[in-house]
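Reading through the structure tokens given below for one structure.
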Amino acid sequence: MSEWNPKWLLDEENADIRRVLIQQVGYERICQKLDAIDLDIWREYSLLKIDDAEGIYDRDTGEEIGREAMVLLKMTCPSTGHIHILRVPPEMTSAEAAITWVNHGIHPDKFTVQT
2 MSEWNPKWLL DEENADIRRV LIQQVGYERI CQKLDAIDLD IWREYSLLKI
52 DDAEGIYDRD TGEEIGREAM VLLKMTCPST GHIHILRVPP EMTSAEAAIT
102 WVNHGIHPDK FTVQT
């Protein structure tokens, strides 16, 4: 779906439509086209930020009252090079903390290697 434009996310207010846009465009292309900033790197994880990507809306009026960043955790598989990107809370500032959050509070060092 190369005709889908990642910039549409910046103006779309409907959360369901935004979800479809993200699915169709993909986080990797969104990061490229919306100039994601590298915040932090830890091992094979990178924490990325897209400034002013999210509208903040008044619950009563539905009017946009501000904008916040979209923060993403980019994970690169060391053996295959496959890239996977997940959204994390906007207050994340560390790739290590973000992967721990993704793992429901369990630090990656706590996982054992299975053979």
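Positions 2 to 116 (the working numbering) are the ones given, in order, by the sequence shown. Here a beta-carbon is modelled for each residue, glycine too, at the ideal position from N, C-alpha and C.
Asked: Could you tell me the alpha carbon to alpha carbon distance between Glu1 and Gln33, rounded to whole angstroms?; Found: Lying outside 2 to 116, the shown extent of the chain, residue 1 is not represented and no answer is given.
Asked: Look up Ser1 in the DSSP assignment and give the residues it is bridged to.; Found: Residue 1 cannot be examined here, being either before or after the span of the chain that is shown, 2 to 116.
Asked: Measuring only the C-alpha atoms, how far is Arg68 from Tyr46?; Found: 26 Å
Asked: If the criterion is Cβ atoms closer than 9 Å, does the pair Lys50 and Leu73 meet it?; Found: yes
Asked: Inspect the beta-carbon positions of Asp52 and Ile42 and report whether they are closer than 9 Å.; Found: no
Asked: Using only the alpha-carbon positions, how far apart do Arg30 and Ser80 sit?; Found: 22 Å
Asked: Taking its Cβ as the centre, do 16 or more other Cβ atoms sit within 10 Å of Met2, making it buried, or is it exposed?; Found: A caution first: Met2 carries a pLDDT of 47, below 50, which makes its placement in the model unreliable, though a value can still be read off. Met2 should be labelled exposed.
Asked: Buried or exposed: which applies to Pro91, given that a residue is buried once 16 or more other Cβ atoms fall within 10 Å of its Cβ?; Found: exposed
Asked: Give the range of the beta strand (DSSP E) segment to which Arg88 is assigned.; Found: 84 to 89
Asked: Helix or strand or just coil, what does DSSP make of Met2?; Found: Reliability of the predicted coordinates at Met2 is poor, the pLDDT of 47 falling under 50, and no value is obtained from them.
Asked: Just confirm the distance between the C-beta atoms of Ala99 and Leu48, as a whole number of angstroms; I'd bet it's less than 8 Å.; Found: 5 Å
Asked: Between the Cα of Asn104 and those of Met76, Leu35, Gly27, His83, spot the shortest distance and give me the residue it belongs to.; Found: Met76
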